[in-house]
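Before any comments, here is the structure.
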Amino acid sequence: MDFTSTSHPEYRYKTEFQSHEPEFDYLKSLEIEEKINRVRWCAAPNGSMFILSTNDKTIKLWKVRDQKVKKIKEMDHFPFVSSENTLLAEKNFMNEHNPPSFAHGYHLEWTENMATKIANVGNSVHARCQKVYPHAHDFNINSISNNSDCETFVSADDLRINLWNLEISDQCFNIVDMKPSNMDDLTEVITSAEFHPIYCNLLAYSSSRGFVRLVDMRQSALCDHSARILRDAAESHGSKSFFTEIIASISDIKFANDGQHLLSRDYMNLKLWDIRMDSTPVATFKIHEHLRPKLCDLYNNDSIFDKFECSVSGDGLHFATGSYSNLLRIFSHGVGSAGGITVEAGKNENRKPILQAAPRARRSSLSNLTRGLYRQAHENSSSGHHELSYNLSSKLLHLAWHPTTNLIACANGNSLFFHYA
Numbered sequence: 001m002d003f004t005s006t007s008h009p010e011y012r013y014k015t016e017f018q019s020h021e022p023e024f025d026y027l028k029s030l031e032i033e034e035k036i037n038r039v040r041w042c043a044a045p046n047g048s049m050f051i052l053s054t055n056d057k058t059i060k061l062w063k064v065r066d067q068k069v070k071k072i073k074e075m076d077h078f079p080f081v082s083s084e085n086t087l088l089a090e091k092n093f094m095n096e097h098n099p100p101s102f103a104h105g106y107h108l109e110w111t112e113n114m115a116t117k118i119a120n121v122g123n124s125v126h127a128r129c130q131k132v133y134p135h136a137h138d139f140n141i142n143s144i145s146n147n148s149d150c151e152t153f154v155s156a157d158d159l160r161i162n163l164w165n166l167e168i169s170d171q172c173f174n175i176v177d178m179k180p181s182n183m184d185d186l187t188e189v190i191t192s193a194e195f196h197p198i199y200c201n202l203l204a205y206s207s208s209r210g211f212v213r214l215v216d217m218r219q220s221a222l223c224d225h226s227a228r229i230l231r232d233a234a235e236s237h238g239s240k241s242f243f244t245e246i247i248a249s250i251s252d253i254k255f256a257n258d259g260q261h262l263l264s265r266d267y268m269n270l271k272l273w274d275i276r277m278d279s280t281p282v283a284t285f286k287i288h289e290h291l292r293p294k295l296c297d298l299y300n301n302d303s304i305f306d307k308f309e310c311s312v313s314g315d316g317l318h319f320a321t322g323s324y325s326n327l328l329r330i331f332s333h334g335v336g337s338a339g340g341i342t343v344e345a346g347k348n349e350n351r352k353p354i355l356q357a358a359p360r361a362r363r364s365s366l367s368n369l370t371r372g373l374y375r376q377a378h379e380n381s382s383s384g385h386h387e388l389s390y391n392l393s394s395k396l397l398h399l400a401w402h403p404t405t406n407l408i409a410c411a412n413g414n415s416l417f418f419h420y421a
């Protein structure tokens, strides 16, 4: 990445590699797709790039590093030596009929020839699989998370969370088990898991019932009892319908860098939590409130089960998530009025963001986030958003916020778009 204070960062293609291949589980007669569910960066003290990637069953640790490549410009084959590296062969196995003569500068002449034969020294990116953490989950893996101790990580499926050591690939520890003795008694499943960014003993995981559980791994080997449960009391006591539990299911959670706040995303809302307050979120940003009258149609075409991710800016002041029609929704908390900013994740760089419920004309720019024109969205919906058209077939599910700058990466189909303030 190239970055200057006067221009936007410029990203260039670096490399790509095949992480997983299609597999077949002969015991269960089940085909395992190569589709990657989660990718996470690992901290590396020596500057190397380590990546954790997982499909439904297998987790892999990859090391991506730059290698210097020396291309041979000219090579003279030595007639008396057969070697893969003729240049080294000439140096080590000399023709007995022509012994080296240092008096006549033979050694100096050979060194100069070496310089002319090797040229075009460049860099090449090489990816190597360091570890494979094989089938330790009976159900499909939905999330992985690195620990702040830089030694361990967790992987979560619908009913279990396993703790791994990065250096040990053939052993893991089950720390959360929600599988009942009778599967007919199953009431909820795990949807996401995330380590605390500061304290390596704290883990948060969300469920399909709309709960976020915080566990302290120091209390017991199997964390059956949560240290704290974050639940919205207002929704628990409100009116219920057939769709209440479906739309309450949390699809993603993210910790802010301060470790005090946590962001959760369900189908209808984006919620900001203070982990010290377990009964109500600090702020609720309404995303799909305009779709509430159409929940029956969304259920029939399975759109109600779409899993949207969320992301927090590095300073913890701004929050982003996706929506239908490839819309990127960005909110801020603490100053201003309701609404947030809506941007279409597309190829049109000149497309202006859509400001929701703006009380007066303001500059339509993503840079408003850094200029203090914040829009608080606590318990407020976008007054005019229901009039906007939406396309259920195009949806922005995956996004990530740069850890230090106001740059968001959005995955739209087979394309990756960057929005920079």
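Residue numbers (the UniProt record's numbering): 1 to 421. Even glycine gets a Cβ: it sits at the ideal position worked out from N, Cα and C.
- The three-state reading of DSSP puts residue 46 in coil, since its state is none of H, G, I, E or B.
- With respect to residue 212, residue 204 sits close: the two C-beta atoms are nearer than 8 Å.
- Approximately 22 Å separates the beta-carbon atoms of residue 295 and residue 281; this is outside 8 Å, ruling out the contact.
- For residue 244, the enclosing alpha helix (DSSP H) begins and ends at 244-248.
- Under the three-state reduction of DSSP output, residue 341 falls in the strand class.
- A contact is defined here as three or more CB-CB pairs under 8 Å, and the region 395-402 meets this definition with respect to the region 322-333.
- Looking at the backbone, the Cα of residue 178 and that of residue 169 are separated by about 24 Å.
- Here residue 253 is bridged, per DSSP, to 264.
- DSSP places residue 203 within a strand segment (E or B) once states are collapsed to three.
- In the same chain as residue 38, and ignoring 5 residues on each side of it, the C-beta atoms closer than 6 Å to its own belong to 54, 143 and 144, in chain order.
- Of the residues assessed, residue 129 falls on the exposed side of the cut-off, its CB having fewer than 16 other CB atoms within 10 angstroms.
- Runs of beta strand (DSSP E) with 3 or more residues, each lying fully within the region 150-231, are found at 152-156, 160-165, 168-177, 190-195, 202-207, 212-216 and 228-230, listed in chain order.
- Residue 285 and residue 69 have their C-alpha atoms roughly 51 Å apart.
- Residue 252 is positioned such that its CB atom lies closer than 8 Å to that of residue 310.
- C-alpha of residue 229 to C-alpha of residue 30: approximately 36 Å in a straight line.
- Taking C-alpha positions only, residue 158 is separated from residue 123 by approximately 42 Å.
- Residue 283 and residue 333 do touch by the CB rule: their CB atoms are close to 5 Å apart, below 8 Å.
- In this chain, the beta strand (DSSP E) harbouring residue 146 covers 143-146.
- The residue from 245, 52, 199 and 181 with its alpha-carbon nearest to that of residue 166 is 52.
- Spanning the alpha carbons of residue 265 and residue 297 requires a straight line of approximately 21 Å.
- In the DSSP assignment, residue 420 falls outside any alpha helix (DSSP H) and within the unbroken beta strand (DSSP E) covering 415-420.
- When DSSP states are grouped into helix, strand and coil, residue 9 belongs to the strand group.
- Of the candidates 180, 217 and 154, the residue whose Cα lies closest to the Cα of residue 192 is 154.
- Non-local C-beta neighbours of residue 269 in its own chain, meaning closer than 7 Å and more than five positions away in sequence, comprise 284, 285, 286 and 287, ordered along the chain.
- Secondary structure in the region 292-336: the alpha helix (DSSP H) runs of 4 residues or longer, each lying completely within the stretch, are 295-300 in chain order.
- Looking at the DSSP output, residue 124 sits in a beta bridge with 67.
- A distance below 6 Å between beta-carbons, with the five flanking residues on each side excluded, links residue 188 to the following residues of its chain, in chain order: 207, 208 and 209.
- For residue 235, the enclosing alpha helix (DSSP H) starts and ends at 233-236.
- Around the Cβ of residue 164, a 10 Å sphere holds 16 or more other Cβ atoms; the residue is buried.
- Considering only 19, 410, 250 and 409, the residue with the shortest C-alpha distance to residue 132 is 19.
- DSSP places residue 31 in the strand class (E or B) of the three-state scheme.
- Its chain contains 58 as the residues whose beta carbon lies nearer than 7 Å to that of residue 134, once the 5 sequence neighbours on both sides are disregarded; these appear in chain order.
- As computed with DSSP, residue 269 is found in a beta bridge with 286.
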